[in-house]
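Read through the structure below, which is laid out as structure tokens, and then see the notes.
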């Protein structure tokens, strides 16, 4: 006996075909392509005569599949149970629905959970029989209706069969949660940036204290000070009481006591009797940075009362008085005050120390690269003031 599909013989073990007891054809993993005509040929010998007999059948493939039922809460859900009974006539078969606790016998549509009446319809192709149907309906789904096995039972005197499904809630709409997450991330980022700019110094100092391993240890570089503070000294050009209070009180309170830095402040840490040139050179060399504090008055005289004569390089004092006579005493006084000006009786001298500090800082910063200079502007400088200071430098 041999089997063939169409005109091609079927070989045992080819594709998904196999023979059982040399009389049955088995098809594993049935697919739509298996829907075709199959022919069974029986070869025999009778009284020395070889003959054969064949029979062909047409195989039908019903492609049915289902996924896990899903329904949103509050909606109405219906599930059809279909039972096929191969028979002739009207069979006696019961079709019932049940949940995990009991059979669902209610058929009144006014109830929240009910089943329909059993319906039957005849079928003649490809096999004679009867289809029986019963619909399970759940209106206004509640939380307790989910994750429960609902079972369809079919039973008769010849046996019984059952199938079940589990109702799950629908997948939530992820657009809203994702939008909320992105919105929260954006708000958190904006708040973080604002906090960082408001408390940048405190955050950096806190980080330095918590994770000192990430910062270079400067104890072995031979420097005594973290910063050299350069500012206008008393009775010199550009000096102001506000700057002095900032240098002698505010900076030590914040940088030394709160932050742990060590500063060199001229007038506080200078050695008595030490030459200005030696003091500036040694202490800048012993510092890692230079804090240069300046204001608008740093670049301008307090009162322009002297002028330079290009002919004899003598400094003469100008007077607001219209008296054209100059006595010898005023001339002597003018010569004595060639390097000072008067403003309400206060003597103002050029700040030679700050000039040395600037020159030493420029040399070490620009030429040697061994010093970092930090400019601290204590008040806003207008363009007119800046232009005047530049003209003075050119002159």
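Numbering (full-length UniProt numbering), first residue to last: 1 to 395.
A virtual CB, placed ideally from N, CA and C, is assigned to each residue, including glycine.
Same chain, Cβ closer than 7 Å to residue 243, neighbours up to 5 away in sequence not counted: 231, 232, 293, 295, 378
Assign residue 9 to one of two classes, buried (16 or more other C-beta atoms within 10 Å of its C-beta) or exposed (fewer than that). exposed
Proximity winner among 138, 188, 190, 274, relative to residue 72 (alpha-carbon distances): 138
For residue 136 versus residue 152, is the C-beta distance shorter than 9 Å? yes
Local conformation of residue 100 per DSSP, three classes: DSSP places residue 100 in coil when its eight states are reduced to three.
I need the DSSP call for residue 15, collapsed to helix, strand or coil. coil
Between which two residues does the beta strand (DSSP E) holding residue 27 run? 24-27
Are the beta-carbon atoms of residue 248 and residue 255 separated by less than 9 Å? no
I'd like to know if the segment 127-135 and the segment 87-97 are in contact, where contact means that at least 3 CB-CB pairs between them fall below 8 Å. yes
Would you call the CB atoms of residue 39 and residue 55 closer than 9 Å? Judged by their CB atoms, residue 39 and residue 55 are nearer to each other than the 9 Å cut-off.
For residue 286 versus residue 369, is the C-beta distance shorter than 9 Å? Not in contact: residue 286 and residue 369 (Cβ atoms no closer than 9 Å).
Is it true that the CB of residue 352 sits closer than 9 Å to the CB of residue 284? no
Once you ignore the five residues that flank residue 119 on each side, which residues in its own chain have a CB closer than 8 Å to its CB? 132, 133, 134
Alpha helix (DSSP H) containing residue 362: first to last residue? 352-362
Classify residue 239: buried if its beta carbon has 16 or more other beta carbons within 10 angstroms, exposed otherwise. Classification for residue 239: buried.
Report the partner residues of residue 154 according to the DSSP bridge assignment. 95, 161
How would you call residue 178, buried or exposed, if buried means at least 16 neighbouring beta carbons within 10 angstroms? exposed
Pull the bridge partners of residue 263 from the DSSP assignment, please. 227
Grouping DSSP H, G and I as helix and E and B as strand, with all else coil, what is residue 290? strand
Note down the Cα distance separating residue 26 from residue 181, rounded to an integer number of angstroms. 55 Å
Tell me the DSSP bridge mates of residue 49? Note: residue 49 sits in a beta bridge opposite 46.
For residue 144, which of helix, strand or coil comes out of DSSP? helix
Through-space distance from residue 16 to residue 52, alpha-carbon basis: 27 Å
Leaving out five residues before and five after residue 59 in sequence, what residues of the same chain have Cβ atoms less than 8 Å from its Cβ? 34, 35, 36, 37, 38
Pairwise C-alpha distance: residue 97 and residue 79: 10 Å
Compute the Euclidean distance between the alpha carbons of residue 408 and residue 273, then round it to the nearest angstrom. Because the chain here runs from 1 to 395, residue 408 falls outside it and cannot be looked at.
Using DSSP bridges, identify the partner residues of residue 131. 84, 121
Please classify residue 190: is it buried, with 16 or more other beta-carbons within 10 angstroms of its beta-carbon, or exposed? exposed
Identify whether residue 107 lies in helix, strand or coil by the three-state DSSP scheme. coil
Among 74, 195, 116, 19, nearest to residue 146 - alpha-carbon criterion: 74
What residues match up with residue 77 in a beta bridge as DSSP calls it? 138
Within the continuous beta strand (DSSP E) that includes residue 375, where are the two ends? 372-377
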